[in-house]
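Engineer: Residue numbers (UniProt numbering): 1 to 194. Virtual Cβ for every residue (Gly too), placed ideally from N, Cα, C. It should be emphasised that the depicted structure is a prediction, and the values quoted were computed from it without experimental measurement.
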Amino acid sequence: ALGLGGGTGTGSAPVVAQIAREVNQGNCLVMAVATLPFTSEGMVRRENALLGLERLRASVDTVITIPNDKLLQLVPRLPLQSAFQVADSVLSRAIRGIIEIVTKPGLVNLDFNDLRTIMKGGGVALIGMGESESDNRAEEAVLEALHSPLLAVDVKGATGALINVTGGPDMTISEAQKAAEVVQKTVSPTARII
Numbered sequence: 001a002l003g004l005g006g007g008t009g010t011g012s013a014p015v016v017a018q019i020a021r022e023v024n025q026g027n028c029l030v031m032a033v034a035t036l037p038f039t040s041e042g043m044v045r046r047e048n049a050l051l052g053l054e055r056l057r058a059s060v061d062t063v064i065t066i067p068n069d070k071l072l073q074l075v076p077r078l079p080l081q082s083a084f085q086v087a088d089s090v091l092s093r094a095i096r097g098i099i100e101i102v103t104k105p106g107l108v109n110l111d112f113n114d115l116r117t118i119m120k121g122g123g124v125a126l127i128g129m130g131e132s133e134s135d136n137r138a139e140e141a142v143l144e145a146l147h148s149p150l151l152a153v154d155v156k157g158a159t160g161a162l163i164n165v166t167g168g169p170d171m172t173i174s175e176a177q178k179a180a181e182v183v184q185k186t187v188s189p190t191a192r193i194i
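1. Quick check on residue 77: buried or exposed, where buried means 16 or more other Cβ atoms within 10 Å of its Cβ?
2. What did DSSP end up calling residue 77 once you bin it into helix, strand or coil?
3. Pull up the CB-CB distance for residue 190 and residue 155, whole angstroms please, since I reckon it's below 8 Å.
4. Which residue comes first and which comes last in the beta strand (DSSP E) that contains residue 207?
5. Quick one: what's residue 31 bridged to in DSSP?
6. What three-state label does DSSP hand residue 20 in the structure shown?
7. For the alpha helix (DSSP H) holding residue 185, just list the boundary residues, first then last.
8. Among 117, 168, 140 and 14, which has the Cα closest to the Cα of residue 161?
9. Using the C-alpha atoms, what's the distance from residue 93 back to residue 171?
10. Would you call the stretch 17-28 and the stretch 67-76 in contact, with 3 or more CB pairs under 8 Å?
11. How would you write the range of the alpha helix (DSSP H) that residue 141 sits in, first residue to last?
12. Under the rule that 16 or more other beta-carbon atoms within 10 Å means buried, what is residue 45, buried or exposed?
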């Protein structure tokens with residue numbers, strides 16, 4: 001995970017990613033989770049971030065981008081330090097969610113090759129998160145994730161979707177199926193969905 005726009009993350013991330021790719025001779029999945037700076041951080045930092053994102057895209061299989069400005073829509077009234085903590089939490093949840101897809105048993109067990117199918121050569125990826133405790137919790141959580149402020153674009157054109165549904169011991173297979181159906185109806189009919 002890194003922040004784009006400054007010197008350290010923007011400059012070093014593509015180099016580290018390229019080294020990871022070379023050391024593993026292309027046998028690994030190289031992913032990055034990157035935040036884009038707040039608009040209030042200035043145009044120079046924003047342009048530096050976008051240039052860094054292009055360099056990073058060339059060195060990784062997938063970049064999950066989280067625009068900090070979109071975080072403001074999640075927590076518009078939080079103090080600045082708390083907003084940065086929310087950004088860190090979103091990054092942490094994104095990384096943990098991807099790792100848990102292949103390391104924790106679930107209703108549908110996925111392995112690294114499933115993850116690679118969606119993420120390899122995927123370019124830019126976005127992440128949406130949703131939660132619900134209502135009677136219609138699966139559908140509501142997916143709709144919340146699909147309409148998350150973190151998704152800066154319409155997902156209808158997505159070529160792939162990686163779905164991670166988690167719940168308590170009372171979650172049913174039909175709820176997980178409903179979540180997948182909502183995603184399937186939303187993305188491109190030709191999208192790979194895992």
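Structural biologist: If we stick to the structure as given:
1. So residue 77 counts as exposed.
2. Note: residue 77 maps to coil in three-state DSSP.
3. Residue 190 to residue 155, Cβ: 14 Å. No contact.
4. Look at the range of the chain in this structure, 1 to 194, and you will see that residue 207 is not part of it.
5. In the DSSP assignment, the residues bridged to residue 31 are 62.
6. Three-state DSSP puts residue 20 in a helix.
7. According to the DSSP assignment, residue 185 belongs to the alpha helix (DSSP H) that extends over 173-186.
8. Comparing Cα positions, the closest option is 117.
9. Roughly 20 Å between the two C-alpha positions.
10. Contact fails between the stretch 17-28 and the stretch 67-76, because fewer than three Cβ pairs, one in each stretch, are under 8 Å apart.
11. 137-146 is the extent of the alpha helix (DSSP H) around residue 141.
12. By the neighbour-count rule (16 or more Cβ atoms within 10 Å), residue 45 is buried.
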